[in-house]
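Working notes for the structure below.
In our numbering, the protein residues as written are -18 to 203.
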């Protein structure tokens, strides 16, 4: 699911073929599959109203996916919220912990709502003004497809997030990568988050016909 340029152009190892060259020889490419059409401006406005975001407020969505490994990042973002709101008092935060992190574990912060689960989270991501996420491909590409500014913090030494996901996001010109060690300073993390608020995105559009292309390829095999 993707395109040739999404694949890292590095060798598998000493004396081994290059990853992109080998992948192109072994596979056909269907383009990326988001599973949704980018929401319209009216849909985004409706989601913001449902989340209780006022017309004069800014929404930051924070999420780390479905595993418990993002617990430390959530704590770092919670520590950065007061500094971020000092810079932009109209900032509101929706922090989504996922199924394996108890929302009660996180400290309470003025201007922040902590939830374990948000239905159709991709809509909340599409309606945000900025997001802070882990380096997982699905969430990052949902933000890229919705053309929202975001910070992504790959897990330190996580091969896929640091190499393959980052390569794909770079190919779309999407997001700003923040190293995990850099996210340890609340003031620096807050400043990076606020800087993204003012950035005009110029992402390469994420294709919407990937599923159709994949189905066409499968039908030809059948």
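Think of the CB as a built atom: it goes at the ideal place given N, C-alpha and C, for glycine as much as any other residue.
{"query": "Pick from 126, 84 and 39 that is closest to residue 14, judged by C-alpha positions", "result": "126"}
{"query": "Opposing strand residues paired with residue 131 [DSSP bridges]", "result": "112"}
{"query": "Rounded separation between residue 159 and residue 135 - CA only", "result": "8 Å"}
{"query": "For residue 91 and residue -7, the rounded distance between their alpha carbons", "result": "48 Å"}
{"query": "Beta-carbon proximity check, residue 132 vs residue 65, cutoff 9 Å", "result": "no"}
{"query": "Distance between residue 201 and residue 155 (C-alpha atoms, nearest Å)", "result": "33 Å"}
{"query": "C-beta atoms of residue 41 and residue 68 nearer than 9 Å", "result": "no"}
{"query": "DSSP-derived helix/strand/coil call for residue -1", "result": "strand"}
{"query": "C-alpha distance - residue 187 paired with residue -5, whole-angstrom precision", "result": "34 Å"}
{"query": "Of the residues 54, 0 and -17, the one placed nearest residue -9, counting alpha carbons only", "result": "0"}
{"query": "Local conformation of residue 147 per DSSP, three classes", "result": "helix"}
{"query": "First and last residue of the uninterrupted beta strand (DSSP E) at residue 54", "result": "Run containing residue 54: none in the beta strand (DSSP E); it sits in the alpha helix (DSSP H), 52 to 68."}
{"query": "Three CB pairs or more closer than 8 Å across the segment 33 to 53 and the segment 112 to 127", "result": "yes"}
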